[in-house]
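Each residue of the sequence shown is one higher than the one before, starting from 918 at the first, in the numbering used here. Just so it is clear, CB atoms sit at the ideal spot from N, CA and C, and this is done for glycine as well. Given the structure is predicted, the values throughout are model-derived calculations rather than measurements. What follows is a short report on a single structure.
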Amino acid sequence: AAGGYIACDAEAGRFWLTPEQAAVYVDVENPAYAIPVLIWAPRLAGALPALAEAFRTGGGVPYEAYEPAGGDGTGNSNRVEFLT
């Protein structure tokens, strides 16, 4: 709440999501839905050395280099493109 990621009334001790926040955090059908990126991004950690090498050499990085379910994260992150 302090960072503005959710709305709050500190005096009443109430927390809620604005429509804009709900679009980003909970509405899987909304093009603004961003949770898959938050899930997928940490899975890049294991692939960082291979990614750096790919940028240096122009090569690629196979899905096996990513943490488990990295492919699911990629697919879910790209899903929004198919909704628009």
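Residue i burial status per 10 Å Cβ neighbour count (16 or more: buried)
{"i": "Trp957", "result": "buried"}
{"i": "Tyr980", "result": "exposed"}
Per-residue DSSP class, three states only, for residue i
{"i": "Ile918", "result": "The identity of residue 918 in the sequence shown is Ala, whereas the question assumes Ile. Of the three classes helix, strand and coil, the one that applies to Ala918 here is coil, per DSSP."}
{"i": "Gly977", "result": "coil"}
{"i": "Glu984", "result": "coil"}
Option nearest residue i by Cα separation, candidates the options
{"i": "Ile923", "options": "Gln938, Thr991 and Ala929", "result": "Gln938"}
{"i": "Glu928", "options": "Asn995, Ala918 and Arg973", "result": "Ala918"}
{"i": "Glu998", "options": "Pro953, Gly920 and Ala967", "result": "Pro953"}
CB contact check: residue i to chain B, cutoff 8 Å
{"i": "Ala924", "result": "This model lacks chain B altogether; it includes just one protein chain."}
Cut-off 8 Å between Cβ atoms - residues of its own chain near residue i, not counting five sequence neighbours on either side
{"i": "Gly977", "result": "Ala971"}
Same chain, Cβ closer than 7 Å to residue i, neighbours up to 5 away in sequence not counted
{"i": "Gly992", "result": "none"}
{"i": "Val941", "result": "Ala949, Tyr950 and Ala951"}
{"i": "Asn947", "result": "Ala940"}
Contact set for residue i: own chain, Cβ-Cβ below 6 Å, skip 5 residues either direction
{"i": "Tyr983", "result": "Arg960 and Ala964"}
Scan the segment 924-975 and note each continuous alpha helix (DSSP H) run of 4 residues or more that stays entirely inside, going in chain order. 936-942, 952-957 and 965-974
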